[in-house]
Amino acid sequence: MTTPDALAAQLRESLRLGVYALRLLDREGELPTTQVGTLMALKQGPLPVTTIATLSGISTASASQQVTRLENAGYVERRPDPLDARGVLVAVTDSGLDALHLTVTARNKRLSPAMARLSQQEREDVARALPVLERFFRSLLDE
60 MTTPDALAAQ LRESLRLGVY ALRLLDREGE LPTTQVGTLM ALKQGPLPVT TIATLSGIST
120 ASASQQVTRL ENAGYVERRP DPLDARGVLV AVTDSGLDAL HLTVTARNKR LSPAMARLSQ
180 QEREDVARAL PVLERFFRSL LDE
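Going by our numbering, the sequence shown opens with residue 60, and the numbers climb by one from there.
Written out as C-alpha cells, the structure reads:
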C-alpha cells in the first residue's frame, strides 16, 4: 500500500487519531494547542497578525483575538513594524517562552511512557520517519 492515494489516506487517518490522542493529553492550566502553535511560530521572530492567521489556518480576526489573549497574559507584545510605518508585529516575550517551554515539556513527558512501550525497532522506525514527515509537511506549506 504505497501508492500516493493510499498513503495519503493512511496518513490523514493516522494524523486524525494522533491529534485526538494528543488533545486527550492536554491538561487544564496549560496553554491551549492553538496558543502553543502561535508561540512556536513567534520563536522564529516577530510576525504580523496576518501571517499568524495564515500559519494557523484561521481568519485574521480569530488570530487577532488569539494575540490579544496572549498579550493579556503577558506572553506576546505588539511592536511597530520597522519596515511599514502603519504595520504592527507580534513578538513573543520571555514569559511567553517560559510558558511555552513548560507546556511543551509537560506534554512531551506525557508522551514518553507510550514511546517506551514501543519496541526498540519501532522507536527507530519512528525516528527515521520523523524527518521525512517534517520535509513532507514543510513542502505542503511552501506550495
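Where a beta carbon is used, it is the ideal one built from N, C-alpha and C, also for glycine. Being a predicted model, the structure only gives us computed values, none of them experimental.
*Can you tell which of F196, E202 and D201 has the C-alpha that lies nearest to the C-alpha of L74?*
For the purposes of this step, residue 74 is taken as the residue at position 15 of the sequence shown. Minimum Cα distance to L74 is reached at F196.
| request: Have a look at L189 and Q69 and give me their C-alpha separation to the nearest angstrom. | output: Residue numbering aside, residue 189 sits at position 130 when the sequence shown is read from its first letter. Residue numbering aside, residue 69 sits at position 10 when the sequence shown is read from its first letter. C-alpha separation (whole angstroms): 16 Å.
Range of the contiguous beta strand (DSSP E) that encloses E136:
What you label residue 136 is simply residue 77 of the sequence shown in a count that begins at 1. E136 -> beta strand (DSSP E) spans V135 to D140.
Let me check one thing: in DSSP terms, what residues is A150 bridge-paired to? Taking the sequence shown and counting its residues from 1, one reaches residue 150 at position 91. As computed with DSSP, A150 is found in a beta bridge with E136.
Is it buried or exposed for G88, if we count other Cβ within 10 angstroms and need 16 for buried? Here residue 88 refers to the residue found at position 29 of the sequence shown. It counts as exposed.
(Q) Check whether the region 166–177 and the region 117–127 are in contact - that is, three or more C-beta pairs closer than 8 Å. (A) no
By the three-class DSSP mapping on this structure, what secondary structure does L86 have? Taking the sequence shown and counting its residues from 1, the one referred to as residue 86 is at position 27. The question names Leu, yet the displayed sequence has Arg at residue 86. Note: R86 maps to coil in three-state DSSP.
Using three-state DSSP, classify L177 as helix, strand or coil.
One-based indexing of the sequence shown puts residue 177 at position 118. If DSSP states are grouped into helix, strand and coil, L177 belongs with coil.
(Q) Less than 8 Å between the C-beta atoms of A158 and R86, yes or no? (A) In the sequence shown, residue 158 corresponds to position 99, counting from 1. In the sequence shown, residue 86 corresponds to position 27, counting from 1. No, these two residues do not count as a Cβ contact at 8 Å.
Is it buried or exposed, L199, if we count other Cβ atoms within 10 angstroms and call 16 or more buried? Stepping through the sequence shown from its first residue, residue 199 is reached at position 140. It counts as exposed.
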